[in-house]
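Reading the sequence shown from the start, the letters are residues 1 to 324 in UniProt numbering. Ideal Cβ placement from N, Cα and C applies to all residues, glycine included.
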Amino acid sequence: MSTLLSIKNLNVDIFSEKSILPVINNVNIDLKEGEVLGIVGESGCGKSMLASAVMGLLSPPAKVTNGEILFENEDLVKLSQKELQNIRGSKISMIFQEPMTSLNPLMKCGRQIEEVLFTHEKLGRGELRKKAIHAISEVGIGRAVDVYNDIPSRLSGGMRQRIMIAMALICNPRLLICDEPTTALDVTIQAQILKLIKEIQNKKKTSVIFISHDMGVISKMADRVAVMYAGQIVEIAGANEIFTNPKHPYTIGLLRAIPDMNTGTKALHDIRGSVPMLDALPNGCLFSPRCDIAIKKCFKERPKLKGDKHCTRCFVVNDKESYE
């Protein structure tokens, strides 16, 4: 499979009056055609900012300060907003976290889908309506014509998210970014939406970046997984490798935090501390204050991401493997 998206040495900073805050720090990711890449980490790790950078949706004071985002061998960072507008929705689409705040509450769902299509394909009114209704039915909504004429507030959360998926896929994009698309939904509806996204991805062979804080969700969706912490990729490997042979202590902590139905009344595992504030990052490894295996070196120096197919950003892990 050829590479569709290549993120190289990407830095995103937030500029304030007093300082420059690093949100994304030297991120490198390749995404193959038809591949699903899961990006996982706690809130505040930079997952959504990375997605916004790819979509060209960063707004001041956030700005890409270094690196490239190559999509179909074209650097998105160098494109104007008009050029990006031609790509967004047609070649790259995004499903957002909360559909109610992403949809226009006063506009019929069908018209909102048509707007996306009309931006990129100047079709007649009848053809737009036909394609919008087909898109609604394609995401598993039985009464497509009725929903076409409904406004978002009349629909359930799961139905609204299905409309968002229809909007994202109406132009058959090559890349779909899912930014925690099931966070606001209950468990039953969440499972339905995940199944729908997976079925559509398999059918259309769309490349997907799937963002979540939930390792359980990532395990169901991803072919490969990148673990983010404080704006850095700390581990990246095939999904099976991440879940059966995790190496970075942060990844191990996230996996241990997944609830087990057999634990009964035992206390759930957690990772002590919290993600550091951008204006108070540790001098050494960004995870060192929360790490159970940190050594002196970890508090003084920043480790590099090392490895071939399974890459890890950890002195302890990489030094151990170099001697084996």
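(1) DSSP has Ala132 in a bridge; who is on the other side?
(2) Would Ile24 pass as a contact of Leu50 if the rule is Cβ separation under 7 Å?
(3) Answer yes if the stretch 277 to 293 comes into contact with the stretch 197 to 207, meaning at least three C-beta pairs across the two stretches below 8 Å, and no otherwise.
(4) Please classify Arg154: is it buried, with 16 or more other beta-carbons within 10 angstroms of its beta-carbon, or exposed?
(5) With distances taken between CB atoms, is the gap from Pro22 to Gly284 smaller than 7 Å?
(6) Can you list, in chain order, the residues of its chain with a C-beta nearer than 8 Å to that of Leu196? Leave out the 5 residues immediately preceding and following it.
(7) Threshold first: 4 residues or longer. Then list the alpha helix (DSSP H) segments lying entirely within the stretch 179 to 266, N to C.
(8) Please tell me whether Pro152 and Leu103 are closer than 7 Å, where the distance is taken between their beta carbons.
(9) Beta-carbon within less than 7 Å of Asn149's beta-carbon, same chain only, minus the 5 sequence neighbours each way: which residues are those?
(10) Decide if Arg174 is buried, meaning its Cβ has at least 16 other Cβ atoms within 10 Å, or exposed.
(11) What's the gap between the Cα of Ile218 and the Cα of Lys297?
(12) Provide the residue(s) that pair with Ala166 in DSSP beta bridges, ordered along the chain.
(13) In chain order, what residues of the same chain have a beta carbon less than 6 Å from the beta carbon of Gly238, not counting five sequence neighbours either side?
(14) Using the Cα positions of Asn28 and Asp319, report the straight-line distance between them to the nearest angstrom.
(15) What separation, rounded to the nearest whole angstrom, lies between the Cα atoms of Pro99 and Met159?
(16) Would you mind stating whether Val113 and Ile170 have Cβ atoms separated by less than 7 Å?
(17) Figure out for me which residue from Phe71, Asn240, Met261 has the closest Cα to the Cα of Leu31.
(18) Could you check the C-alpha separation between His120 and Leu128 for me, to the nearest Å?
(19) Looking at the unbroken beta strand (DSSP E) that takes in Glu68, where does it start and where does it end?
(20) Anyone know if the C-beta pair for Ser156 and Glu180 falls short of 7 Å?
(21) What's the C-alpha gap between Ala168 and Met215?
(22) Taking the straight line between their C-alpha atoms, what separation do you get for Ile20 and Ala135?
(23) Apart from the five residues on each side of it in sequence, which residues of its chain come closer than 6 Å, Cβ to Cβ, to Lys306?
(24) Let me know if Met1 comes out buried or exposed under the rule of 16 or more other beta-carbons within 10 Å of its beta-carbon.
(25) Can you grab the Cα-Cα spacing for the pair Ser43 / Lys266, in whole Å?
(26) Which one or two residues does DSSP pair with Glu17 in a beta bridge?
(27) Can you tell me where the alpha helix (DSSP H) with Leu37 in it begins and where it stops?
(28) Buried or exposed: Leu106, going by 16 or more other Cβ atoms within 10 Å of its Cβ?
The structure says:
(1) In the DSSP output, where bridge partners are listed per residue, Ala132 has none listed.
(2) yes
(3) no
(4) exposed
(5) no
(6) Val139, Gly140, Arg162, Ile165
(7) 187 to 204, 215 to 221, 239 to 244, 249 to 256
(8) yes
(9) Lys108, Gly110
(10) buried
(11) 32 Å
(12) BP columns for Ala166 are empty, so no partner.
(13) Arg224
(14) 22 Å
(15) 9 Å
(16) What sits at residue 113 in the sequence shown is Ile, not Val. Contact flag set, yes.
(17) Phe71
(18) 12 Å
(19) 62 to 71
(20) no
(21) 24 Å
(22) 43 Å
(23) Asn318
(24) exposed
(25) 25 Å
(26) Glu17 is not bridged to any residue.
(27) Run containing Leu37: none in the alpha helix (DSSP H); it sits in the beta strand (DSSP E), 36 to 40.
(28) exposed
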